[in-house]
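Only one structure is covered here, and it is reproduced in the block below.
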Amino acid sequence: MAGIDSVLQEHRIFPPSEATIARATISGMAAYEALCKEASDDYAGYWARLAREHVIWKTPFSTALDEREAPFYKWFEDGTLNVSFNCLDRHLDNGNADKVALVFEADDAKVTRVTYRQLHALVCKFANGLKSRGIKKGDRVIIYMPMSVEGVAAMQACARIGAIHSVVFGGFSAKSVQERVVDAGATAIITADEQCRGGKNIALKSVVDEAFALGGCEAVHSVIVYQRTGNACAMQAGRDVFLGDLLAGQSEVCEPEWVSAEHPLFLLYTSGSTGKPKGVQHSSGGYLLHAILTNKWTFDLKAEDVFWCTADIGWVTGHTYIAYGPLACGATQIVFEGVPTYPDAGRFWRVIQDQKVTVFYTAPTAIRSLIKASDTTPTAHPRNYDLSSLRILGTVGEPINPEAWMWYYEQVGGSRCPVMDTFWQTETGGHVITPLPGVTPLVPGSCTLPFPGIQVAVVDEAGADVEWGKGGFLVIKRPWPSMIRTIWGDPNRFKTSYFPADLGGKLYLAGDGAVRDAKTGYFTIMGRIDDVLNVSGHRMGTMEIESALVSCSELVAEAAVVGRPDDLTGEAICAFVVLKQARPTGDAAKAIVKQLQDWVAKEIGPIAKPKDIRFGDNLPKTRSGKIMRRLLRSLAKGEEITQDISTLENPAILEQLKQSL
Ligand code: ATP
Ligand code: MG
Numbered sequence: 001m002a003g004i005d006s007v008l009q010e011h012r013i014f015p016p017s018e019a020t021i022a023r024a025t026i027s028g029m030a031a032y033e034a035l036c037k038e039a040s041d042d043y044a045g046y047w048a049r050l051a052r053e054h055v056i057w058k059t060p061f062s063t064a065l066d067e068r069e070a071p072f073y074k075w076f077e078d079g080t081l082n083v084s085f086n087c088l089d090r091h092l093d094n095g096n097a098d099k100v101a102l103v104f105e106a107d108d109a110k111v112t113r114v115t116y117r118q119l120h121a122l123v124c125k126f127a128n129g130l131k132s133r134g135i136k137k138g139d140r141v142i143i144y145m146p147m148s149v150e151g152v153a154a155m156q157a158c159a160r161i162g163a164i165h166s167v168v169f170g171g172f173s174a175k176s177v178q179e180r181v182v183d184a185g186a187t188a189i190i191t192a193d194e195q196c197r198g199g200k201n202i203a204l205k206s207v208v209d210e211a212f213a214l215g216g217c218e219a220v221h222s223v224i225v226y227q228r229t230g231n232a233c234a235m236q237a238g239r240d241v242f243l244g245d246l247l248a249g250q251s252e253v254c255e256p257e258w259v260s261a262e263h264p265l266f267l268l269y270t271s272g273s274t275g276k277p278k279g280v281q282h283s284s285g286g287y288l289l290h291a292i293l294t295n296k297w298t299f300d301l302k303a304e305d306v307f308w309c310t311a312d313i314g315w316v317t318g319h320t321y322i323a324y325g326p327l328a329c330g331a332t333q334i335v336f337e338g339v340p341t342y343p344d345a346g347r348f349w350r351v352i353q354d355q356k357v358t359v360f361y362t363a364p365t366a367i368r369s370l371i372k373a374s375d376t377t378p379t380a381h382p383r384n385y386d387l388s389s390l391r392i393l394g395t396v397g398e399p400i401n402p403e404a405w406m407w408y409y410e411q412v413g414g415s416r417c418p419v420m421d422t423f424w425q426t427e428t429g430g431h432v433i434t435p436l437p438g439v440t441p442l443v444p445g446s447c448t449l450p451f452p453g454i455q456v457a458v459v460d461e462a463g464a465d466v467e468w469g470k471g472g473f474l475v476i477k478r479p480w481p482s483m484i485r486t487i488w489g490d491p492n493r494f495k496t497s498y499f500p501a502d503l504g505g506k507l508y509l510a511g512d513g514a515v516r517d518a519k520t521g522y523f524t525i526m527g528r529i530d531d532v533l534n535v536s537g538h539r540m541g542t543m544e545i546e547s548a549l550v551s552c553s554e555l556v557a558e559a560a561v562v563g564r565p566d567d568l569t570g571e572a573i574c575a576f577v578v579l580k581q582a583r584p585t586g587d588a589a590k591a592i593v594k595q596l597q598d599w600v601a602k603e604i605g606p607i608a609k610p611k612d613i614r615f616g617d618n619l620p621k622t623r624s625g626k627i628m629r630r631l632l633r634s635l636a637k638g639e640e641i642t643q644d645i646s647t648l649e650n651p652a653i654l655e656q657l658k659q660s661l
């Protein structure tokens, strides 16, 4: 089995502006290279220096990296700290106490501002409330909350007492909640009566009750209910308590629990794009360090910035780039309850304009859907808003197609704001490949270069480096501070999934295919290894063919390609396409199929030409907006879907796509 062939070429390049370079913390390529050199000369020493400079330790660590039980690596283990102290208390005496920490923008656009002092007081009361329910260091607490100040405070309160939280996205079902309660062995749940999204109230507490009814949650002794709407919800005496009642009379002082740097901060289940979600366990010290560094370096966060990450706290992005990193950096940030399309598709742009957001971080799926929306509803187009406050843009979650990148850069960023295409995973804790604003010339669709110190590489199936220009498996060669520590309750799966013996057992296997540009060494993610196509012996990632389809920007809003068995070519390419226009049928559909096949043949070459093209109103996506190609693969083969679909957002789309076959 050879590597993965790279077929698409991208030639546009956008160097950082003088203004961005002048302002950036890491300024100029020489500064970047100096950091990389420092890390390669003395790897552990590099991270130790940064950990001493950026994290506040209660007691200092003596050893940075302990590899004795590899791949169960330990960082800064004999150092003690508290993550909540690092995020909140540090600002009480550095002049930031009365700075706004959170700007809560509710679904109905009501705005609430919370200062660092106020957030600290809330978190301390919350932490004391948890203690009053007997919740202590090491206990697992499920957080099933809407985007809210209280949701962030719940995470911080757990961190303050050393309880291990596991946030479950508020859109998940009772079954998903129950599975996570059971897997994590949780003893408490923090939830809300309801959440407000897109003008609707959606129940949360009653879903928790359904999860109990499914069985297996008997160890849960406390359910804390934040009253978001105040509408009636069932409360079980003794077990359930309203947050307001829990906080009443609690002290605003709570001595943090000082924990080892290796004490687990949280568990978080992955998106389930490729299979059943895994309970990823993160540490306190190493995780916090990377949360701080990436916020400071990738987003160049400064005192005057207003940061907005649109992710939900249910995803890792909402941990590192909402609940922890920006607070540890003393930023002012937006916490957004709503959805991008309510009351109209101009919502994001209006919030940026009104709150003078300077750094904006979102997902390709949101960008693609807003491109489509502003094509059909011109009033929702970003050009109608004053976005001049923006200075840096970011994206994460999936490969961003170059056409979507260009739209984001030009229409949202006014061709002025660099786009940080940040590659990372739940397992990596923070960015591992990303441009830095004052350093990296940008190429649309490429996540560019490693974050300083992270030893990323592309290897073949034997674990040997492949030459630049050839695709292969993305790996990380050395342990890094914010890496996954284990899969909760399944250390063996941790070892075999991420450190497979085939690759020598020492390389962290990300699960994505990647290629480095033959000249610049820039990384491009080609798609997931599980999704690689094999057409007449050519192994191709999904990303490039999808990007070629999306680059037919008159017609195509979104595309996903998968393989299906073919007698002649081994595998044939099957594309599922969402058009900007209504779904065509009959001859109109045939004409567009032909047009798109010719387009791909011209853009990439005949080898990449989809044999089948099907149209849908949407694609099957995880609730975090990622395309679930494994389901499309079953559809293309005509199989029944028997896989885990617990994280699928829109099950109805499967039926529509099936009929399009
Ligand atoms: P599962 O592991 O359960 O299949 P998942 O991989 O979708 O779920 P996450 O940890 O949320 O879970 O997502 C990480 C993945 O998202 C990466 O492995 C990669 O496939 C994709 N990804 C994230 N950021 C980028 C990016 N900037 N460019 C390309 N792909 C990205
Ligand atoms: Mg994954």
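Numbering (the UniProt record's numbering), first residue to last: 1 to 661.
Ideal Cβ placement from N, Cα and C applies to all residues, glycine included.
Quick caveat, the model's predicted, so the values are computed rather than measured.
The C-alpha of I371 is placed about 11 angstroms away from the C-alpha of G346.
Here the C-alpha atom of P481 lies approximately 21 angstroms from the C-alpha atom of T448.
Remark: C-beta atoms of I164 and R140 approach each other more closely than 7 angstroms. Collapsing the DSSP output to three states places F85 in a helix. Within the same chain, and ignoring the five residues on either side of L387 in sequence, the residues whose Cβ sits closer than 8 angstroms to its Cβ are W349, I352, Q353, V412, G413 and G414. In this model, V357 and N534 are separated by some 44 angstroms (Cα to Cα). As computed with DSSP, F360 is found in a beta bridge with W308 and L393.
Counting C-beta atoms within 10 angstroms of its own C-beta, H11 has fewer than 16 neighbours from the protein chains shown and is therefore classed as exposed. Between E252 and C124, the CB-CB gap stays under 7 angstroms.
Per DSSP, reduced to three states, the secondary structure at R239 is coil, with no helix or strand assignment.
Remark: the C-beta of S646 is outside contact range of the ligand ATP, defined as less than 6 angstroms to any heavy atom.
DSSP places Q195 within a strand segment (E or B) once states are collapsed to three.
For S166, the enclosing beta strand (DSSP E) starts and ends at I164 to V167. Within the stretch 400-464, the complete alpha helix (DSSP H) segments at least 4 residues long are 402-407, listed from N- to C-terminus.
Within the same chain, G346, W349, R350, I352 and Q353 come within 8 angstroms of Y385 by CB-CB distance, once the 5 residues on both sides are set aside.
Separation of the CB atoms of I26 and V439 is rounded to 6 angstroms, and the pair is thereby assigned contact status at 8 angstroms.
Membership of T294 in the alpha helix (DSSP H) is indicated by the continuous run G285 to W297. The nearest non-hydrogen atom of the ligand MG is less than 6 angstroms from the C-beta of T270. The alpha-carbon of W424 is positioned some 24 angstroms away from that of E77. The closest CA to that of L122, considering only D107, E150 and A363, is found on E150. Inclusion of L507 and V475 in the CB contact set at 7 angstroms is warranted, their separation being smaller than that value.
Under DSSP, G275 shares a beta bridge with no residue. When secondary structure is reduced to three states using DSSP, F126 falls in the helix class.
Here the distance from the Cβ of I352 to the nearest heavy atom of the ligand ATP is not below 6 angstroms. In this structure, Y116 is the residue among Y116, Y43 and K626 with its C-alpha nearest to the C-alpha of D89.
In the displayed model, W75 falls within a strand according to three-state DSSP.
Distances between the C-beta of V515 and the heavy atoms of the ligand ATP are all 6 angstroms or more. Inclusion of E257 and G185 in the CB contact set at 7 angstroms is not warranted, their separation being larger than that value. In the three-state DSSP reduction, H381 falls in the coil class, being neither helix nor strand. Distance from I529 to G513 at the Cβ level is roughly 5 angstroms; contact confirmed, criterion being Cβ atoms closer than 8 angstroms.
Taking the Cβ of Q281 as the reference point, every heavy atom of the ligand ATP lies at 6 angstroms or farther away. Under the three-state reduction of DSSP, I143 is assigned to strand. The beta-carbon distance between L327 and A51, rounded to whole angstroms, is 18 angstroms. This is too long to meet the 8 angstroms contact definition.
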